[in-house]
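> Once you've had a glance at the structure underneath, I'll fire off some questions.
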Amino acid sequence: MWRRLRSFDRSVQLLMANQLAINTGFYMLMPYLAGHLSGGLGMAAWTVGLVLGVRNLSQQGLFLLGGTLADRLGYRQVIIAGCLLRTAGFALLGFVDALPALIVASAMTGFAGALFNPAVRAYVAHDAGERRVEAFALFNVFYQAGILLGPLIGLALVAVDFRLVCAVAAAVFAMLTVLQLFALPPCRVETSTSGILADWRSVVTNRPFVLFAFAMAGSYVLSFQVYLALPLELGSAGGVGLIFMVSALVAIAGQLRITDWARRRWTGEQAITRGLALMGLAFVPLLVYGSAAPSTRLAAVLVCTALLALGTALTYPFEMDTVVTLSDDRLVATHYGLYNTIAGIAIAVGNVVIGRLLDVGWAVPWLVLTVVGLASALAVRLVSVSRSRPAERPARTPSARTES
């Protein structure tokens with residue numbers, strides 16, 4: 371992995387370390403915020419939900435704006451602004467107790483993610499060039515490593531004081547801000563000069579991209595179940611810890627090998643469809659053993675978690691590369707922003723549906739999730755087939771691009 375990392379430009383190396391630190395700082399604090407709000411500050415459940423909901427809404431709802439700003443102002447500037455904003459937001463979360471101030475701090479942390487997430491991915495895609503798939507595979511390793519390390523560090527710090535967690539998380543983002551201010555080179559890419567509405571119209575009318583985004587939305591519903599359905603299925607803190615550990619370790623240990631193996635055998639579209647199918651089939655063990663004894667149920671949950679991680683590892687690098695390809699290397703960050711927004715909407719709707727189905731019966735949610743994975747794989751395949759048809763008639767291609 372380290373040899374692979376050193377083969378990329380310095381900017382890509384720095385962005386990998388950047389993502390490791392971003393996830394470490396984020397997951398150091400966020401898993402323990404609800405406990406601090408309810409236990410430490412004595413807030414009612416609805417106010418805790420409000421504070422956490424504002425953070426999610428301000429991130430998912432503003433991804434498109436964040437991507438647009440990155441395309442207009444430059445990736446580097448927006449990444450630095452996002453890290454600086456999260457520094458302030460995390461610091462504020464630890465030292466205020468009034469609801470309005472907590473809502474402001476939560477909104478700041480969410481908008482920060484909406485700023486740097488599309489910008490980082492667009493920057494990696496630009497500087498990795500023809501090695502985008504390989505770069506995004508490596509990116510996911512660092513991404514998952516942060517998810518693994520963050521909660522462990524936060525657990526040790528929260529035993530002392532939640533304010534210490536906030537201070538350390540804010541310090542991580544402050545150091546990131548300074549590091550990128552002095553070490554991250556400007557990304558030499560032509561920034562957008564058209565109006566914002568024109569940029570958005572261009573992305574929204576990019577039919578192959580929008581169809582692909584909606585086809586992939588199901589994968590985000592599936593992967594989010596490590597936060598929702600699988601922990602609820604176990605109902606124990608120790609088991610939940612195992613879920614996150616298995617998910618992260620599979621990705622860290624297997625991502626590069628899985629990507630290299632898939633690239634030798636399949637096209638990007640084939641890797642994505644097979645990965646989605648695997649993510650859907652990951653819930654079959656729960657469909658079969660979900661009502662079994664607790665020990666068997668734990669094994670079924672962990673097998674499901676591992677298969678979800680494998681499917682995600684197979685899909686993710688090719689998925690990120692496809693977004694760039696479908697953008698035609700124009701307004702890449704804006705495309706990532708809309709892509710993340712669609713994924714966020716799918717997660718929100720999926721959580722409501724799956725949460726309701728968990729109350730219906732043990733087999734129903736797992737069957738639905740399996741169908742979602744297989745349907746997503748089929749949808750991506752159909753989108754790929756429809757996208758290839760215009761290529762057989764070159765005369766129509768220029769006008770299609772002009773319209774987009």
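Numbering (the numbering used here), first residue to last: 371 to 774. Quick reminder that beta carbons are idealized off the backbone N, C-alpha and C, glycines included.
Check whether the stretch 640 to 648 touches the stretch 678 to 694, counting contact only when three or more Cβ pairs, one atom from each stretch, lie closer than 8 Å.
At 8 Å Cβ cutoff, the stretches touch.
> Report the three-state DSSP secondary structure of R635 (helix, strand or coil).
Of the three classes helix, strand and coil, the one that applies to R635 here is helix, per DSSP.
> If you count every other CB in all the chains shown that lies within 10 Å of the CB of T767, and 16 or more means buried, which is it?
At T767 the pLDDT is 35, less than 50, meaning the model places this residue with poor confidence; the figure from the coordinates comes in the next sentence. Answer is exposed; the Cβ neighbour count stays below 16.
> Per the contact definition of three or more C-beta pairs closer than 8 Å, is the stretch 506 to 516 in contact with the stretch 433 to 452?
The stretch 433 to 452, when compared against the stretch 506 to 516, does not touch it at the 8 Å Cβ threshold.
> Is G431 helix, strand or coil when you go by DSSP?
Coil, per DSSP.
> Between which residues of its own chain and L454 is the CB-CB distance below 6 Å, once the five residues before and five after are set aside?
These residues qualify, in order along the chain: T547.
> What distance in whole Å lies between the Cβ atoms of L422 and L403, which are believed to be in contact at a cut-off of 8 Å?
Contact holds; Cβ gap of about 7 Å.
> Leaving out five residues on either side along the sequence, give the residues of the same chain with a beta carbon under 6 Å from the beta carbon of I724.
The residues are A599 and P735.
> I'd like to know if the stretch 573 to 589 and the stretch 688 to 702 are in contact, where contact means that at least 3 CB-CB pairs between them fall below 8 Å.
As far as the Cβ criterion goes, the stretch 573 to 589 touches the stretch 688 to 702, which means the pair count is three or higher.
> Beta-carbon separation of G464 and F532 under 8 Å?
For G464 and F532, yes; Cβs fall inside 8 Å.
> Is V559 helix, strand or coil by DSSP?
Three-state result, V559: coil.
> Would DSSP call W620 helix, strand or coil?
The identity of residue 620 in the sequence shown is Val, whereas the question assumes Trp. Helix at V620.
> What number of angstroms, rounded off, separates the C-alpha of P557 from the C-alpha of G409?
Note that residue 557 is Cys in the sequence shown, not Pro. Approximately 45 Å between the Cα atoms of the pair.
> By alpha-carbon positions, which one of L485, F506 and A541 ends up nearest to L399?
It is A541 whose Cα lies nearest to the Cα of L399.
> Expressed to the nearest angstrom, what Euclidean distance is found between the alpha-carbon atoms of L472 and L439?
Approximately 26 Å between the Cα atoms of the pair.
> Give every residue of the same chain whose Cβ lies closer than 6 Å to the Cβ of F543, excluding the five residues on either side of it in the sequence, and list them in chain order.
Cβ neighbours of F543 beyond the five flanking positions: G395, C453, R456 and T457.
> Helix, strand or coil for D379, going by three-state DSSP, please let me know.
Three-state DSSP puts D379 in coil, outside helix and strand.
> Alpha carbon to alpha carbon, how far is P521 from A539?
The alpha-carbon atoms of P521 and A539 are separated by roughly 11 Å.
> Just to confirm the assignment, what range does the alpha helix (DSSP H) spanning G681 have?
Note, G681: alpha helix (DSSP H), P664 to S697.
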